[in-house]
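Heads up, the thing below is written out as structure tokens.
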Ligand code: RFL
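Residue numbers (the numbering used here): 45 to 454.
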């Protein structure tokens, strides 16, 4: 895809102030903010509505993100149904160590599966606020991004016809594998990338959680994680070599490794069940700077990826969306472009903060199994410090829960 390709002729294009590419948490939140301010927009999504409402992924939201959704009328179901967590548990050296972060910070983690949030956001955007959303689109292409009137082109899935939408701004919220990020070539943006050289086998079990909070198992054979998603479904992670084949992980092997790596004195037994998702994630991060080229503004995973080490990706996607939605409304309803001018810089502060914490936490999770006794020793020291030093514990809790935004931000 290139923004320099010639426009097809013959269509009768209808102008929209904003075209949003991608109906994930970022794109749908921007769309909802625009609709609430009566700004016309269209959301283009390659998948079907049923698909995006069921795609399993994240589940942990930070308190400020929940309040940001609530303030925009987007958290009614979430507030009624999400679980609030106030502790997590580390297991290492055969023992359990509870870490109560709410007691230190007065803030919670909210557990609400991403498919439920996406379902709520689509319903609010399309069915309540009357937003235009087109599913199953193909061959999305962008043109004239550095002019005043960019155009988005796509293929209609029903008719196979090319459609053109002239607009004022394009929101690139099409995730890590979308097309908008590929337009930010090295002459337009800088991309920083970090590869962890670690894989995680991401698992979803159709089984109730085995513990009343998130568990991090730090074990010489590899990290293991346990995260509740709902009373019926639990996410587990197992560290594995990057590029491992999930077929090499039959269910018996998975449960036996989970029992070993999450085992500790007094720990309740794991509640086993059918494994409904089994995929290997090659852990890596990237950041695109700036998150803007001309009239294209990136948001969420399209702009920056954080491996699910610290459960930050969806939170960052919402942070971008709050700032970008508000900035577009200011620009399009009041002619005030200040928010858009500062958008990238305002997002990147939090992005880099979370990148650094993810990298720090990755060492804590994986140092013990790295095969490097020096790294194993230093990361065990980090772990002990969180429990031994109130100041270190508070610093960890603040980063784990994410700092509250500056009140002037929203
Ligand atoms: P999304 O959710 O990927 O949505 C992008 C949408 O764009 C569509 N798309 C296109 N549409 C039109 N044209 C194109 N050319 C397109 N190409 C793609 C896609 O179909 C999709 O619908 O991006 P967004 O909105 O930026 O949201 C980001 C979050 O989804 C992501 O950061 C999180 O899922 C990351 N993550 C977690 N984040 C947290 O904050 N807390 C967690 O607990 C957490 N756990 C996780 C996670 C990600 C995981 N995986 C699968 C990598 C657990 C896992 C296993």
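For glycine and all other residues, C-beta sits at the position ideal for the given N, C-alpha and C. Small disclaimer: the values here were computed from a predicted structure and weren't measured.
| So what's residue 218 in DSSP terms, helix, strand or just coil? | Against the chain shown, residue 218 aligns to sequence position 174. Correct three-state label for residue 218: coil.
| query | Going by alpha carbons, who is nearest to residue 223 out of 277, 134, 90? | reply | Your numbering for residue 223 matches position 179 in the chain shown. Residue 223 has its Cα closest to that of 90, out of 277, 134, 90.
| When you compare each of 253, 59, 146 to residue 197 by their alpha carbons, which one comes out closest? | Translated into positions along the chain shown, residue 197 becomes position 153. Residue 59 is the option with its Cα nearest to residue 197.
| request: List the endpoints of the continuous alpha helix (DSSP H) containing residue 121. | output: The residue you call residue 121 lines up with position 77 of the chain shown. Looking at the DSSP string, the run of the alpha helix (DSSP H) that includes residue 121 is 120-125.
| said: Using 8 angstroms as the threshold, is the C-beta distance between residue 355 and residue 225 below it? | reply: Counting from one through the chain shown, the residue named residue 355 turns up at place 311. Counting from one through the chain shown, the residue named residue 225 turns up at place 181. Contact: no.
| Taking the alpha carbon of residue 245 as the point to measure from, which residue in 252, 326, 259, 232 has its own alpha carbon closest? | The count along the chain shown starts at 1 and reaches residue 245 at position 201. When each option's Cα is compared against that of residue 245, the closest is 326.
| said: I need the DSSP call for residue 363, collapsed to helix, strand or coil. | reply: As a working mapping, residue 363 is identified with position 319 in the chain shown. Helix, per DSSP.
| field | Euclidean distance between Cα positions of residue 113 and residue 415 | value | To locate residue 113, count along the chain shown from 1; it is residue 69. To locate residue 415, count along the chain shown from 1; it is residue 371. Taking the straight line joining both Cα atoms gives about 43 angstroms.
| field | Other residues of its chain near residue 407: CB distance less than 6 angstroms, five sequence neighbours each side excluded | value | Against the chain shown, residue 407 aligns to sequence position 363. Excluding residues within five positions, the ones whose Cβ falls inside 6 angstroms are 423.
| message | Given this structure, state the Cα-to-Cα distance separating residue 126 from residue 217, to the nearest angstrom. | response | As a working note, residue 126 is residue 82 in the chain shown. As a working note, residue 217 is residue 173 in the chain shown. Their backbone Cα atoms lie some 25 angstroms apart in a straight line.
| Of the listed residues 450, 117, 428, nearest to residue 134 (C-alpha basis) | The count along the chain shown starts at 1 and reaches residue 134 at position 90. Cα-wise, what sits closest to residue 134 is 428.
| 4-residue-minimum alpha helix (DSSP H) runs that sit fully inside the segment 252-327, ordered along the chain | 295-305
| said: Given a cut-off of 8 angstroms on the beta-carbon distance, is the pair residue 172 and residue 97 in contact? | reply: Along the chain shown, one-based indexing puts residue 172 at 128. Along the chain shown, one-based indexing puts residue 97 at 53. Cβ atoms of residue 172 and residue 97: not closer than 8 angstroms.
| task | Express the C-alpha separation of residue 74 and residue 50 in angstroms, rounding to a whole number. | result | Taking the first residue of the chain shown as position 1, residue 50 is located at position 6. Taking the first residue of the chain shown as position 1, residue 74 is located at position 30. Low per-residue confidence applies at residue 50: pLDDT is 46, beneath 50, and the placement is therefore not dependable, though the value from the model is reported in the following sentence. The C-alpha of residue 74 is placed about 29 angstroms away from the C-alpha of residue 50.
| Spatially closest choice to residue 86 from 92, 213, 148, 100, by CA coordinates | Here residue 86 corresponds to residue number 42 of the chain shown, with the count starting at 1. The option with the nearest alpha carbon to residue 86 is 213.
| What is the DSSP secondary structure of residue 410, counted as helix, strand or coil? | The count along the chain shown starts at 1 and reaches residue 410 at position 366. DSSP places residue 410 within a helical segment (H, G or I) once states are collapsed to three.
| field | For residue 450, the three-state DSSP class (helix, strand or coil) | value | Looking up residue 450 in the chain shown gives position 406. In the three-state scheme derived from DSSP, where H, G and I count as helix and E and B as strand, residue 450 is classed as coil.
| message | Using 8 angstroms for Cβ pairs, my map puts residue 374 next to residue 334. What's the rounded Cβ distance? | response | Position 330 of the chain shown, counting from 1, holds the residue named residue 374. Position 290 of the chain shown, counting from 1, holds the residue named residue 334. Actually they are not in contact, since the Cβ atoms of residue 374 and residue 334 sit about 19 angstroms apart, beyond 8 angstroms.
| field | Beta-carbon proximity check, residue 237 vs residue 158, cutoff 8 angstroms | value | For the purposes of this step, residue 237 is taken as the residue at position 193 of the chain shown. For the purposes of this step, residue 158 is taken as the residue at position 114 of the chain shown. It is not a contact, given that the beta carbons lie outside the stated cut-off.
| said: Using C-beta distances below 6 angstroms, list every residue in its chain close to residue 273, excluding the 5 sequence neighbours before and after it, in chain order. | reply: For the purposes of this step, residue 273 is identified with residue 229 of the chain shown, where counting begins at 1. Excluding sequence neighbours, residue 273 sits near 103, 157, 279.
| query | What is the DSSP secondary structure of residue 47, reduced to helix, strand or coil? | reply | Here residue 47 refers to the residue found at position 3 when the chain shown is read from its first residue. With a pLDDT of 49 at residue 47, under the threshold of 50, the predicted position of this residue should be treated as unreliable, though the coordinate-derived value follows. Residue 47: coil per DSSP, three-state reduction.
| said: Can you confirm whether the segment 186-202 touches the segment 351-369 when touching is taken to mean that 3 or more C-beta pairs between the two stretches lie within less than 8 angstroms? | reply: no
| Proximal residues to residue 276 (C-beta, below 7 angstroms), its chain only, five neighbours per side dropped | Counting from one through the chain shown, the residue named residue 276 turns up at place 232. Closer than 7 angstroms at the Cβ level, and outside the excluded window around residue 276, lie 250, 252.
| field | residue 180 - partner residues in DSSP beta bridges | value | On the chain shown, position 136 is the one that residue 180 refers to. The partner list for residue 180 (beta bridge, DSSP) is empty, contrary to what the question assumes.
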